[in-house]
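**Q** The structure is given below, and queries will be raised subsequently.
Protein chains: 2
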Amino acid sequence: MTEVPWLDEGEQQAWRALMTMQDDLAEFLDRQIRNRDGLSKADYEVLAHLSEAPGGRLRSFRLGELLRWEKSRLSQHLGRMENRGLVIRERSLADQRGADVTISRRGTDLITAAAPRHVADVRAAFFDHLTAAELQTITTIAGKVKEGLAKLQP
Amino acid sequence: MTEVPWLDEGEQQAWRALMTMQDDLAEFLDRQIRNRDGLSKADYEVLAHLSEAPGGRLRSFRLGELLRWEKSRLSQHLGRMENRGLVIRERSLADQRGADVTISRRGTDLITAAAPRHVADVRAAFFDHLTAAELQTITTIAGKVKEGLAKLQP
DNA sequence: TACCGTTGGTTGACGTGTGAACCAGTTGCG
DNA sequence: CGCAACTGGTTCACACGTCAACCAACGGTA
């Protein structure tokens with residue numbers, strides 16, 4: 002470990018800082034949603050996508066694309082959310098293989114209450130600390146990294 | 002959802018970019034370690050800390066501090082790692098409550114092989130795309146966000 | 001010295017994520 | 001038309017994370 006070519010001082014510092022920022026941020030936001038709104042981050046994202054879709058309804062595989070989730074994960078999670086009355090699943094009429102997922106009244110109420118509070122948290126935890134230039138830099142970096150990763154995994 | 006005060010265009014773009022960069026990066030690095038070295042990210046981090054400690058040995062609670070893990074998580078994970086022969090646990094002589102965790106020969110071999118490849122991945126996926134100024138900005142932002150979070154949760 | 005609060009760790013129950021196997025419906029092609 | 005390949009989903013087994021309850025050892029104070 003100690004004898005391998007490692008990152009230099011500045012790189013190591015930046016990497017650690019980024020990783021812990023990421024952890025802390027995710028943990029804070031998850032906990033807020035969970036404790037205040039009774040939703041996991043996963044629940045929140047499912048409901049957010051559904052509530053933005055026309056009629057609060059999406060084909061299951063389309064939802065999976067938007068969330069970038071494995072299909073088994075989506076299936077398991079929707080099953081749990083259905084049991085809790087947050088969404089309704091029914092076989093699609095257009096394609097008998099598929100399923101339509103619809104947000105329930107209860108799901109709508111929950112996401113409606115949770116969303117503005119979540120946005121406020123994101124502001125308080127992140128954007129309030131950033132200058133416009135820093136914001137721009139973040140976007141630039143993220144774009145480059147994402148592009149690079151796409152090339153690394155063909 | 003659509004009628005609540007939301008983030009502005011630039012903020013939304015930055016936030017999405019940061020979140021997906023984070024997801025992609027984590028997923029790429031995890032998958033590399035898992036497929037190539039047969040270790041989860043959690044395994045890797047435990048072994049990395051142990052291998053850097055004198056004698057490859059740490060008190061369990063100290064390891065927990067370094068990893069910032071809940072104690073139950075640490076206990077469960079060390080149990081699994083012990084079953085796989087990666088670490089050895091024994092009651093501490095100094096304090097009969099505590100446990101000493103020692104990296105095994107097998108654990109040492111694995112982390113020794115995995116570490117340089119992981120560093121190379123981090124470079125390829127992240128640092129190779131960044132200027133010195135961007136690196137500096139990252140560190141600055143992460144510091145400010147971390148500080149802000151500390152104030153938000155007293 | 002005896003007791004009580006604290007500390008270090010383990011356990012059990014449960015929610016969550018992944019990969020592989022599987023299944024039914026659909027599509028393409030001879 | 002008939003059948004193989006593909007698609008959309010589910011299920012199973014397992015790894016992982018969190019919380020709450022628990023337990024034994026330690027440490028300070030009456």
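So the sequence lines, in the order shown, correspond to chains A and B.
The opening position of the first sequence corresponds to residue 2 in the working numbering, with each subsequent residue numbered one higher.
The opening position of the second sequence corresponds to residue 2 in the working numbering, with each subsequent residue numbered one higher.
For glycine and all other residues, C-beta sits at the position ideal for the given N, C-alpha and C.
1) To the nearest angstrom, report how far apart Ala143/A and Leu131/B are at their CA atoms.
2) What span of residues does the beta strand (DSSP E) with Phe104/A cover, start to end?
3) Enumerate, from N- to C-terminal direction, the unbroken beta strand (DSSP E) stretches of 3 or more residues contained entirely within the stretch 63-98 of chain B.
4) To the nearest angstrom, how far is the alpha carbon of Leu48/B from that of Leu26/A?
5) I'd like to confirm the pairing. Which residues does DSSP put opposite Leu59/B in its beta bridges?
6) Apart from the five residues just before and just after Ala126/B, which ones in its own chain have a Cβ nearer than 8 Å to its Cβ?
7) So is Gln154/A buried or exposed if we call it buried at 16+ other beta carbons inside 10 Å?
8) Determine the closest residue to Ser105/A out of Ala95/A, Pro117/A, Val88/A, with distance taken between C-alpha atoms.
9) Is it the case that the CB of Asp9/B approaches a heavy atom of the ligand ADP more closely than 8 Å?
10) So which of Gln14/A, Glu71/A, Arg92/A has the shortest CA-CA distance to Arg58/A?
11) Ignore the nearest five residues each way along the sequence and tell me which others in Leu136/B's own chain have a CB closer than 8 Å to its CB.
12) In angstroms with no decimal places, state the Cα-to-Cα distance between Gln14/B and Gly99/A.
13) Counting only C-beta atoms, is Gly39/B closer than 9 Å to chain A at any point?
14) Along the alpha helix (DSSP H) that carries Leu131/A, what are the first and last residues, could you check?
15) Please report whether the beta-carbon of Arg74/A lies at a distance below 9 Å from any beta-carbon of chain B.
16) For Glu10/B and Ser76/B, what's the separation of their Cα atoms in angstroms?
17) Do you know how far the Cα of Trp70/B is from the Cα of Thr109/A?
18) Using a Cβ-Cβ distance under 9 Å, would Leu26/A count as near chain B?
**A** So, from the data block:
1) 10 Å
2) A quick correction: the sequence has Ile, not Phe, at residue 104/A. Its beta strand (DSSP E) spans residues 100-104.
3) 88-92
4) 25 Å
5) Val102/B
6) Leu26, Phe29, Leu30
7) exposed
8) Val88/A
9) For the ligand ADP, the structure offers nothing, since it holds no ligand at all.
10) Arg92/A
11) Phe128
12) 32 Å
13) no
14) No alpha helix (DSSP H) contains Leu131/A, which DSSP labels as neither H nor E.
15) no
16) 44 Å
17) 35 Å
18) yes
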